[in-house]
Amino acid sequence: MSQFGNFHDFCRDSTLPICNLFVETGSQYTLEKQCVLEGFAAGNGRIRNLGSILICAIAVIFAGLLFWFSERKRAAVGRREMQVLLVAYAVVSITEIFSVGGFLTDRTVLVWFSAIHIGAITATCWLLLINAIVGYQLIDDGTPLSIGLTVASGIVFLVGVGFIAIDTGFDSPAGEFPVTDRSTLKHYALYVLYLLFPLILVVGFFILESVLVLGVLRETRPMVLLSLSAFSFAVGQIFNFVVSVHLCKATSGKIDGALFESLFTLLAMICLWFFWNTITEDEWPEDSINHPTLMSEQNYA
């Protein structure tokens, strides 16, 4: 039997936002976890994924810092587009706190945050590819046209994928995107838009950037940072989809792979920003010429 579209095994072994759309007490969706993430006691309740909450909070701070550093790179190619990507990553991190944090008890709120999280993931991966395309200067970066297309296309994916997720989560009789097979949690649309399509976008980004650096710029040093970014991202996914259940069992349900997925995704974004930083200029040449210190030195000479 084909496993294409099935989320049952993923949700059984890992902590994913999409699983919140399928599991509901008293419903006909059934899911038996191999290891239940218990987390840590907090007052009268429990915070099941404290590690991911802390890492995501740190990620939002780093996204803000990198946004500010990007603002100072006045002549950098794709500066505004990179800032849009950082905002999208911050949205992913904020919604991840609520979708996989394990402290929300109201399912309606949980479904909304999970749907926005899923939509934001797809939109962020799309914006990642857009940033790679911007480097080829097919249209002038930083212009209203470039920024408008970047933001508008990102919103389309956020709203579109988010709508499908919300429709699935509330499972209304008039819903357009039901679960095809409830025993295996088969959902073709979200399987493509949440898992396969983002993966294709990420791979496309790394291929385009590699061609740009090696073929166009003819540089090799930036590839170290790009490779570290790709490696960190891959390690995070391995923790989330492969190691998670084993880590959960080893720690008696205290933590699972979601914590390390958040951590390595943050490291991947930091390496990615520094990669972009190495292949762009900080300021225009005339800015350096007109710098007060340089001007005084020239006058002295």
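If you read the sequence shown in the working numbering, its first letter stands for residue 934, the second for the next number, and so on.
All C-beta atoms in this analysis are idealised placements derived from N, C-alpha and C, irrespective of residue type, glycine included.
Check, Outcome
"Beta strand (DSSP E) runs contained entirely in the stretch 964-1030, provided each spans 3 or more residues", "973-975 and 978-980"
"Alpha carbon of phenylalanine 940 to alpha carbon of tyrosine 1127, nearest angstrom", "11 Å"
"Option in Val1084, Val1092 and Ile988 with minimal Cα separation from valine 1017", "Val1084"
"Cβ shell of phenylalanine 1110 (< 6 Å), same chain only, five flanking positions each side left out", "Ile1097, Asp1100, Thr1101 and Ala1122"
"Contact between the stretch 1190-1205 and the stretch 971-979 (3+ Cβ pairs under 8 Å)", "no"
"Exposure of tyrosine 1124, with buried meaning 16 or more beta-carbon neighbours within 10 Å", "buried"
"Nearest candidate by alpha-carbon position, reference leucine 970, set Trp1059, Val1144, Gly1035 and Gly1169", "Gly1035"
"Buried versus exposed call for serine 1003 [16 or more other C-beta atoms within 10 Å across all chains shown]", "buried"
"Nearest-angstrom Cβ-Cβ length linking leucine 1158 and phenylalanine 1090, presumed shorter than 8 Å", "Rounded, the Cβ-Cβ distance is 26 Å, inconsistent with contact."
"Start-end ranges of the alpha helix (DSSP H) lying completely within the stretch 1017-1104, minimum 4 residues", "1040-1067 and 1077-1103"
"Per DSSP, cross-strand counterpart(s) of lysine 1119", "Asn939 and Asp1114"
"C-alpha distance - histidine 1050 paired with leucine 1150, whole-angstrom precision", "36 Å"
"Status (buried if at least 16 other CB within 10 Å, exposed otherwise) for threonine 1198", "buried"
"CA-to-CA distance, serine 1185 to glutamate 1014, given in whole angstroms", "43 Å"
"Element boundaries [alpha helix (DSSP H), containing isoleucine 1188]", "No alpha helix (DSSP H) holds isoleucine 1188; DSSP gives it neither H nor E."
"Euclidean distance between Cα positions of phenylalanine 1172 and glycine 1190", "5 Å"
"Environment of tryptophan 1001 [buried if 16+ CB atoms lie within 10 Å]", "exposed"
"Minimum C-alpha distance to serine 985 - residue among Phe955, Arg945 and Ser1026", "Ser1026"
"Isoleucine 1171 - DSSP class collapsed to helix/strand/coil", "helix"
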